[in-house]
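Asks: 266 is the number that the numbering used here gives to position 261 of the sequence shown; each next residue is one higher, with no gaps.
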Amino acid sequence: MAYSLLASVTFSLPMTHPVFIVAVAMLIFLLAPLLMQKLRIPGIIGIIIAGAIVGPNGLNLLARSNTIILLGTVGLLYLMFLAGIEIDLHGFKRHRNRSLVFGTLSFVFPQVIGTAVGLLLGYTLPASILLGSVLSSHTLLAYPIARRQGISRNASVTTAVGGTIITDTAALLVLVIVSASTRGALDAAFWLQLVGALGIYVVAVVIGLPRLGRWFFRSRWASATTDFIFVLTALFAGAFLAEVAGVEGIIGAFLVGLALNRLLPEQSPLTNRIHFVGESIFIPFFLLAVGMLVDVRVFAGSVEVWQVMFGMTTAVIATKWLAARVAQHLYDYSPEETWTTFGLTIPQAAATLAATLIGYELRLFGDAVLNGAIMMILVTCILGPWVVARYGQQLAAHEERKPYDPRHAPQRILIPIANPTTADLLLQLTLLIREPDSDEPLYPITVVPSEGENSAEQVAFAEKMLSHAVAYAAGADVPVVPLTRVDHDFASGIARGMTETRITTVVTGWDGRPSDTGGMFGSVLDPLLEQTRQRAIIARLMNPLNTTHRVVLLIPRGLDRLPGFPATVRTIKLMANRL
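Spelled out as structure tokens, the structure:
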């Protein structure tokens with residue numbers, strides 16, 4: 006029996022057994038980032054290097070088979086989709102003028118210099134233009150570092166993030182035109198077909214998809230599983246229809262991400278699942294597939310590879326630094342802000358890899374550009390996070406010396422839960438108003454009446470409701486501390502829980518019915534408001550909040566003179582920005 010089992014597996018290089026391929030890939034996805042973390046190098050570099058080692062140009066352990074190509078293509082589309090949903094559209098609107106100017110500078114300088122470098126290296130004009138677009142985009146690889154340092158709201162950081170929309174969109178449009186030109190002449194018929202088909206496609210995605218998504222998320226079919234499948238369906242259907250319209254699928258994936266941006270709040274279980282699946286499976290397969298294209302032997306036998314690598318790396322560093330310096334003079338940035346802006350815009354990964362790979366498949370680029378681009382990515386992905394880590398820390402120290410801002414106070418939110426059917430909506434609202442850099446847990450609470458013979462059963466039922474709240478918040482990667490209180494009435498139990506845990510905000514539901522006792526909200530909420538002085542958010546929620554497209558704020562006369570008014574307005578703005 007043992008012999009027959011072993012005989013069913015062929016041990017020859019490259020290995021083609023599907024289970025072995027997946028096992029090796031998962032081992033690489035596990036160990037390569039950990040090793041790079043020890044060396045303080047971004048994990049994506051480790052997976053690319055591992056792909057070069059185990060691929061056909063290395064140890065030949067794995068072949069770049071159709072399976073790897075399929076999963077790599079899925080990962081590429083997923084990467085561009087994530088780039089679309091991660092862009093801060095509200096930050097872009099808030100600093101739109103600065104973002105437009107800086108994004109234009111950050112695109113034009115590398116595009117022009119990169120095209121010149123390509124021509125100097127002897128490439129054709131289409132290949133040189135595409136080479137310029139490879140350098141013009143950037144990936145916000147170092148943005149998580151800035152967010153951890155507490156400088157994500159700094160004007161220079163917001164401008165750099167908003168400029169990503171300009172650079173990535175423009176670079177991808179250049180890719181569309183160049184790739185389409187390789188299939189035919191750039192005559193009037195081409196432009197008419199491209200603009201017409203692309204216009205219909207863009208209108209359908211930008212206008213139709215958000216409405217379809219809003220309807221689906223409100224429908225009775227919506228659930229954690231179906232919502233996730235709907236997003237994946239939109240992603241891959243949008244990518245396919247983009248190719249039907251005559252552009253690359255990555256354009257469609259990026260546009261679908263932008264269209265669904267408002268429907269996918271940053272702190273939500275659905276967004277967390279999307280990131281988890283992409284970052285743990287699909288995107289690593291794309292990086293592995295790219296690494297398998299690298300031929301290390303080319304560096305030993307070709308001067309052209311070194312010339313291309315040096316030219317691309319020098320051009321991207323010089324032009325991104327030039328854009329940051331011009332922005333410094335235009336907007337009076339400090340040296341720390343200038344260096345942080347440079348560090349955020351120097352890493353090349355998502356759109357760079359996509360454009361390079363497509364140029365390679367179209368035979369516009371050879372092995373020299375492919376290998377040189379990957380080495381450029383290696384250099385910039387190391388340099389960018391290092392610059393942000395160093396100068397972002399100095400910028401954070403400068404921010405700390407500014408006058409005290411109440412937004413920096415610890416935010417502790419209590420969520421009374423009495424009805425399991427509305428618990429998810431209350432938690433959605435809580436995640437929308439929770440500060441993005443807050444480390445404080447959420448505090449869902451249930452109150453069990455102290456009078457009664459079935460207190461133990463009621464406590465068990467309360468704990469069951471709280472376990473659902475814990476699971477929901479865990480899906481959004483938010484810590485939770487569940488509370489159960491036994492008290493003679495609900496208002497006193499909630500008030501005691503607020504005092505014991507030093508709560509700053511309570512988020513509670515309301516059925517909309519007026520009080521029978523002459524109050525406003527009923528026999529539970531009215532006493533609670535009388536016993537506490539913390540901010541209370543009373544919500545009557547009927548539909549999923551991510552389907553909301555308008556927020557109307559009514560401010561009674563004189564309310565702006567009350568002590569809690571500024572903090573309340575900030576909370577409403579935070580919620581509106583995420584809807």
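A virtual CB, placed ideally from N, CA and C, is assigned to each residue, including glycine.
Quick caveat, the model's predicted, so the values are computed rather than measured.
Please state the DSSP three-state secondary structure of Arg490.
Replies: On the sequence shown, residue 490 is found 485 positions in, with the first residue counted as 1. Three-state result, Arg490: strand.
Asks: Using C-beta distances below 8 Å, list every residue in its chain close to Thr72, excluding the 5 sequence neighbours before and after it, in chain order.
Replies: Stepping through the sequence shown from its first residue, residue 72 is reached at position 67. Answer for Thr72: Pro23 and Ile26, listed in chain order.
Asks: CB-CB under 8 Å to Arg518, same chain, minus the five flanking residues each way: which ones, in chain order?
Replies: Taking the sequence shown and counting its residues from 1, the one referred to as residue 518 is at position 513. The residues are Gly527.
Asks: Assuming Ile134 and Thr144 are in contact, meaning their beta carbons sit under 8 Å apart, how far apart are those beta carbons, in whole angstroms?
Replies: As a first step, residue 134 is located in the sequence shown; it is residue number 129 there, counting from the start. As a first step, residue 144 is located in the sequence shown; it is residue number 139 there, counting from the start. The Cβ separation is near 21 Å, so there is no contact.
Asks: At which residues does the beta strand (DSSP E) containing Pro215 begin and terminate?
Replies: Taking the first residue of the sequence shown as 1, we reach residue 215 at position 210. That residue, Pro215, is in no beta strand (DSSP E); its alpha helix (DSSP H) goes Leu214 to Arg223.
Asks: If we ignore side chains and look at the alpha-carbon of each, how far apart do Arg153 and Ser161 end up?
Replies: As a working mapping, residue 153 is identified with position 148 in the sequence shown. As a working mapping, residue 161 is identified with position 156 in the sequence shown. Rounded to the nearest angstrom, the two C-alpha atoms are 16 Å apart.
Asks: In whole angstroms, what separates the C-alpha of Lys578 from that of Leu81?
Replies: To locate residue 578, count along the sequence shown from 1; it is residue 573. To locate residue 81, count along the sequence shown from 1; it is residue 76. Taking the straight line joining both Cα atoms gives about 34 Å.
Asks: Does the stretch 110 to 130 come within contact of the stretch 316 to 334, defined as at least 3 CB pairs closer than 8 Å?
Replies: They touch, by the three-pair rule.
Asks: Look up Pro449 in the DSSP assignment and say whether it is helix, strand or coil.
Replies: Locating residue 449 in the sequence shown gives position 444, counting from the first residue. Reduced to three states, the DSSP call for Pro449 is strand.
Asks: With respect to the beta strand (DSSP E) encompassing Thr513, which residues constitute its N-terminal and C-terminal limits?
Replies: Taking the sequence shown and counting its residues from 1, one reaches residue 513 at position 508. Thr510 to Gly514 is the extent of the beta strand (DSSP E) around Thr513.
Asks: Mapping the DSSP letters down to three states, classify Leu265 as helix, strand or coil.
Replies: Residue mapping note: residue 265 aligns to position 260 of the sequence shown, counting from 1. Three-state DSSP puts Leu265 in coil, outside helix and strand.
Asks: Which runs of the alpha helix (DSSP H) at least 4 residues long sit entirely within the stretch 7 to 63? Give them in chain order.
Replies: 7 to 12, 23 to 43 and 48 to 59
Asks: What residue does the beta strand (DSSP E) around Pro421 start on, and which one ends it?
Replies: Working through the sequence shown from its first residue, we reach residue 421 at position 416. Here the beta strand (DSSP E) through Pro421 covers Ile418 to Pro421.
Asks: Roughly how many angstroms separate the alpha carbons of Leu18 and Asn62, rounded to a whole number?
Replies: The residue labelled residue 18 in the question sits at position 13 within the sequence shown. The residue labelled residue 62 in the question sits at position 57 within the sequence shown. Going from the Cα of Leu18 to the Cα of Asn62 covers about 12 Å.
Asks: Helix, strand or coil for Val485 per DSSP?
Replies: Taking the first residue of the sequence shown as position 1, residue 485 is located at position 480. It is a strand residue.
Asks: Would you kindly check if the distance between the Cβ of Leu471 and the Cβ of Ile499 is under 9 Å?
Replies: Residue 499 sits at position 494 when you count from the first residue of the sequence shown. Residue 471 sits at position 466 when you count from the first residue of the sequence shown. Against a cut-off of 9 Å, the Cβ pair of Leu471 and Ile499 comes out as no contact.
Asks: Based on the DSSP secondary-structure assignment, which residues constitute the bridge partners of Arg540?
Replies: Looking up residue 540 in the sequence shown gives position 535. According to DSSP, Arg540 bridges with Thr510.
Asks: Report yes if the C-beta distance between Val512 and Leu434 is below 9 Å; otherwise report no.
Replies: Here residue 512 is taken as the residue at index 507 of the sequence shown, counted from 1. Here residue 434 is taken as the residue at index 429 of the sequence shown, counted from 1. The answer is yes: Cβ separation under 9 Å.
Asks: So what's Leu564 in DSSP terms, helix, strand or just coil?
Replies: Within the sequence shown, the letter at position 559 stands for residue 564. Leu564: helix per DSSP, three-state reduction.
Asks: With three or more C-beta pairs closer than 8 Å as the rule, is the stretch 327 to 334 touching the stretch 352 to 362?
Replies: no
Asks: Between Gly77 and Pro215, what straight-line distance do the alpha-carbon atoms span, to the nearest angstrom?
Replies: Counted from its first residue, the sequence shown places residue 77 at position 72. Counted from its first residue, the sequence shown places residue 215 at position 210. A straight-line Cα-Cα distance of about 27 Å links Gly77 and Pro215.
Asks: Is it buried or exposed for Thr164, if we count other Cβ within 10 angstroms and need 16 for buried?
Replies: Locating residue 164 in the sequence shown gives position 159, where the first residue counts as 1. Buried: at least 16 other Cβ atoms inside 10 Å.
Asks: Going by DSSP, what residue range makes up the alpha helix (DSSP H) through Gly201?
Replies: Your numbering for residue 201 matches position 196 in the sequence shown. Ala193 to Val208 is the span of the alpha helix (DSSP H), which, as asked, contains Gly201.
Asks: Going by C-alpha to C-alpha distance, which of Val483, Arg45, Gly514 and Pro415 sits closest to Leu275?
Replies: Counting from 1 along the sequence shown, the entry for residue 275 is found at position 270. Among Val483, Arg45, Gly514 and Pro415, the Cα nearest to that of Leu275 belongs to Val483.
Asks: With a CB to CB cut of under 7 Å and the five nearest residues on each side skipped, what residues in its chain are close to Ala476?
Replies: Position 471 of the sequence shown, counting from 1, holds the residue named residue 476. Cβ within range, chain order: n/a, list empty.
Asks: Which stretch, first to last residue, makes up the alpha helix (DSSP H) that contains Phe291?
Replies: Against the sequence shown, residue 291 aligns to sequence position 286. Ile288 to Leu298 is the extent of the alpha helix (DSSP H) around Phe291.
Asks: For Arg395 and Ala239, what's the separation of their Cα atoms in angstroms?
Replies: Here residue 395 is taken as the residue at index 390 of the sequence shown, counted from 1. Here residue 239 is taken as the residue at index 234 of the sequence shown, counted from 1. Rounded to the nearest angstrom, the two C-alpha atoms are 40 Å apart.
Asks: Given 8 Å as the limit, is there contact between the stretch 122 to 129 and the stretch 290 to 299, that is, 3 or more CB pairs closer than that?
Replies: no
Asks: Only counting the same chain, and skipping five residues up and downstream in sequence, which positions put a Cβ closer than 6 Å to that of Val374?
Replies: Taking the first residue of the sequence shown as 1, we reach residue 374 at position 369. Contacts found: Val313.
Asks: When the Cα atoms are used, what is the spatial distance from Pro411 to Leu567?
Replies: By 1-based counting over the sequence shown, the position of residue 411 is 406. By 1-based counting over the sequence shown, the position of residue 567 is 562. The pLDDT assigned to Pro411 is 49, lower than 50, so where the model puts this residue is not dependable; a value taken from the coordinates is nonetheless given after this. Distance between the alpha carbons of Pro411 and Leu567: 15 Å.
Asks: For Met380, count the other beta carbons within 10 Å of its own beta carbon; 16 or more makes it buried, fewer makes it exposed. Which is it?
Replies: The residue labelled residue 380 in the question sits at position 375 within the sequence shown. Met380 comes out buried.
Asks: Mind checking whether Leu447 and Leu432 have CB atoms under 9 Å apart?
Replies: Position 442 of the sequence shown, counting from 1, holds the residue named residue 447. Position 427 of the sequence shown, counting from 1, holds the residue named residue 432. Yes, they are a contact pair.
Asks: For the alpha helix (DSSP H) containing Met314, list its first residue and its last residue.
Replies: Within the sequence shown, numbered from 1, the residue matching residue 314 stands at position 309. First-last of the alpha helix (DSSP H) with Met314: Val308 to Tyr336.
Asks: Pull the bridge partners of Pro454 from the DSSP assignment, please.
Replies: Here residue 454 refers to the residue found at position 449 of the sequence shown. Answer is Asp492.
Asks: How is the alpha helix (DSSP H) around Val282 delimited, first residue to last?
Replies: Taking the sequence shown and counting its residues from 1, the one referred to as residue 282 is at position 277. Per DSSP, Val282 belongs to the alpha helix (DSSP H) from Pro274 to Val282.
Asks: Taking the alpha helix (DSSP H) that Gly119 belongs to, which residues open and close that run?
Replies: Here residue 119 is taken as the residue at index 114 of the sequence shown, counted from 1. Run containing Gly119: Arg101 to Leu125, per the alpha helix (DSSP H) assignment.
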